[in-house]
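Asks:
Numbering (mature numbering (1 follows the signal peptide of the UniProt record, and there is no 0)), first residue to last: -24 to -1, 1 to 169.
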């Protein structure tokens, strides 16, 4: 009995191996014919390169509704309050989030894309400033402390770390039992009317 099956088993194995080889080639061929995902560089060129039509000088919804910008400030440290110069020092992360419909995408697999800070000049950004600022420093050690993230729905997150010296007019007539309220005034340079 062993001899009767001895010739059939190797033949069946050979047929199975050939079938697997042919099927494997067909699967590989089918996979190669599928569109390959774009590289991040190609995707960014398509989204906001010279031929994309994106212009960072023009705000989203131009001649349409205003761009709503959500701002968050996370205080890292609150430095000295100086009565003689009537100011205070604070280290913060300023986070801004807005939607730019021109940056909506579907052809890239990731839901969001973190961009290098060098790309900041390539997109429109709100023109925020601190109205009561007396001095400010950007943090660049060991690299620019900035984050730029674009989301699939056109959402943009821009986060930057700053050290600010802000003015704080003080009423010192009850010193040393005085209570001061120091503000942080954030405004838009062009759209504050």
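C-beta atoms are modelled at their ideal positions from N, C-alpha and C, and glycine is treated no differently.
(1) Any idea what DSSP makes of residue 17, helix, strand or coil?
(2) Could you spell out where the beta strand (DSSP E) holding residue 48 opens and where it closes?
(3) Taking Cβ positions, are residue 52 and residue 75 nearer each other than 8 Å?
(4) Have a look at 122, 163 and 156 and flag the residue whose alpha-carbon is nearest the alpha-carbon of residue 62.
(5) Confirm, please, whether the CB-CB distance from residue 108 to residue 60 is below 8 Å.
(6) Shortest alpha-carbon distance to residue 100 belongs to which of 88, 30 and 16?
(7) Based on DSSP bridge pairs, tell me the residues matched to residue 131.
(8) How about residue 125 and residue 81: do their beta carbons lie closer than 8 Å?
(9) Around the C-beta of residue 78, are 16 or more other C-beta atoms found within 10 angstroms, so that it is buried, or is it exposed?
(10) Residue 90 to residue 136, Cα distance in whole Å?
Replies: In short:
(1) Looking at residue 17 - three-state DSSP - the assignment turns out to be helix.
(2) Following the DSSP letters along the chain, one finds residue 48 inside the beta strand (DSSP E) bounded by residues 46 to 58.
(3) 8 Å or more divides the Cβ of residue 52 from the Cβ of residue 75.
(4) Taking only the C-alpha atoms, the option nearest residue 62 is 156.
(5) In this structure, residue 60 sits away from residue 108, with a CB-CB distance that is not shorter than 8 Å.
(6) Residue 30 is the option with its Cα nearest to residue 100.
(7) Here residue 131 is bridged, per DSSP, to 75.
(8) It is not a contact, given that the beta carbons lie outside the stated cut-off.
(9) Counting Cβ neighbours within 10 Å, residue 78 comes out buried, since at least 16 surround it.
(10) Between residue 90 and residue 136, the C-alpha separation is close to 14 Å.
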